[in-house]
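Before any comments, here is the structure.
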Amino acid sequence: MSLLYELTSFIGGSIVGSFLNVVINRADTGESPFIGRSHCPYCKTPLSWWELIPIISFFILRGKCRHCGKKISVQYPLVELITGLLFAGATWRLGRLPFFNIITNLSLGEKTLLLVSFLISLYWISVLIILSVYDWKRYLILTPVLFPATIITFIWRIIIGYSLKSYNFVCLPYFYRYLGENNFLWGNWSYFSSFFWGIISSFVIIALIVVISKEKAMGWGDALLAPFLGMILGWPAIILALMLSFLIGGLVSFILILMRKKNLKSHLPFAPFLTAGTLTIMLFGDIIIKSYLNLL
Ligand SMILES: [Zn+2]
């Protein structure tokens, strides 16, 4: 049964992914992503319905526009695939906690809170994909996407913190686990201190790297992104996510240097690595910690 939910989320995610592609590409042209039909970026021919099927249409078209024959960027199927997988991952995590088994026991208030929390997690995934792909292409953080997301997340975190404290929910422990207040490594932190220190620590760490490396390792855009990530994960999970992103970033630049695509002086956009670290901890953090502690 659960697999059906994940499959549905994957299909839904890949459709959202094709919209994220539109947002990323129209960020440069100034066109609204909500108005106007999708068209080929070269010959402007509007796409027919089957050319809009996520992932599959790229392979039916063999990566070329049907009209002008220009190559279609692999960004399209890749973003659709990754969004689909991450949406399926978010659903899988919901079922793993295990919210699907207890859903009938929940009050209407709890169900609403759970639904909105889940939708917000899909919003985080979408925002992080847009920021990462745009940073990869242009070496810039899209602040018109980041700033509203930061404000919405800030308000949402405060609302949910107060709701959890004020009502006697049946599944309170599950909620805390779901929202990331499972401070598995460094003792127990209350919801709001975890929230507060998550924002402060992530910003201070990245800002220090920006200053010390004189904007060579990371830029101020990454420092602006950091508090958003700190809000998503809270303290101390954000520290784990940052360490993981440095590891992934180091590994990828090492591989790129070996492949002679980059040299030691090359800049690497860092938002994709911060995203990879954050989403890994968001979806698998508790599993990683548990298996690590079992090794000791
Ligand atoms: Zn074309």
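FYI, the numbering used here numbers position 128 of the sequence shown as 213, with every residue one higher than the one before it.
Think of the CB as a built atom: it goes at the ideal place given N, C-alpha and C, for glycine as much as any other residue.
All of these numbers come straight from a predicted model, not from anything done at the bench.
Span of the alpha helix (DSSP H) around residue i
i: Y219; result: L193 to R223
i: S94; result: S87 to T114
i: M383; result: Residue numbering for the chain in the displayed model covers 86 to 381; residue 383 lies beyond these limits and cannot be assessed.
i: A292; result: Y276 to I297
i: N379; result: A356 to L380
i: N186; result: F184 to I187
i: Y247; result: T228 to S251
i: A302; result: Taken as a continuous stretch (DSSP letters only), A302 belongs to no alpha helix (DSSP H), as it is neither H nor E.
Rounded straight-line distance, which links the Cα of residue j to that of residue i
i: I323; j: E116; result: 35 Å
i: Y90; j: K156; result: 34 Å
i: V289; j: M316; result: 14 Å
i: L270; j: P258; result: Caution is warranted here: a pLDDT of 45 is assigned to L270, below 50, making its placement in the model unreliable, and the coordinate value is therefore given only provisionally. Going by the C-alpha atoms only, they are around 17 Å apart.
i: M344; j: S298; result: 25 Å
i: R223; j: K250; result: 43 Å
i: V108; j: L381; result: 45 Å
i: P217; j: R122; result: The identity of residue 217 in the sequence shown is Ser, whereas the question assumes Pro. Rounded to the nearest angstrom, the two C-alpha atoms are 25 Å apart.
i: V230; j: V212; result: 7 Å
i: L368; j: S192; result: 25 Å
i: I100; j: I240; result: 28 Å
i: F277; j: L332; result: 29 Å
i: N379; j: T176; result: 26 Å
i: I374; j: I366; result: 10 Å
i: Y252; j: A302; result: 45 Å
i: L182; j: I214; result: 25 Å
i: L171; j: I210; result: 7 Å
i: G98; j: A308; result: 28 Å
i: I141; j: Y161; result: 11 Å
i: R242; j: E165; result: 28 Å
i: G283; j: L225; result: 24 Å
i: R147; j: N110; result: 21 Å
i: Y127; j: S94; result: 32 Å
i: E300; j: P118; result: 32 Å
i: L199; j: T235; result: 20 Å
i: F143; j: M328; result: 36 Å
i: F281; j: F339; result: 34 Å
i: L310; j: T130; result: 36 Å
i: P357; j: W221; result: 7 Å
i: I237; j: I205; result: 9 Å
i: L314; j: L105; result: 19 Å
i: A326; j: L359; result: 7 Å
i: N268; j: L336; result: Residue confidence is low: N268 scores 48 on pLDDT, short of 50, so the model does not pin down where it sits. No coordinate-derived value is stated.
i: W134; j: H124; result: 11 Å
i: H83; j: H352; result: The chain is shown from 86 up to 381; residue 83 falls before or after that span and cannot be answered.
i: N186; j: G180; result: 8 Å
i: K149; j: I120; result: 24 Å
i: S103; j: P312; result: 27 Å
i: W305; j: T189; result: 46 Å
i: K346; j: T168; result: 27 Å
Bridge-paired residues (DSSP) for residue i
i: P131; result: H124
i: K149; result: K156
Got a list of residues with beta-carbon closer than 5 Å to any non-hydrogen atom of ligand 1, in chain order?
-> C125, Y127, C128, C150, H152 and C153
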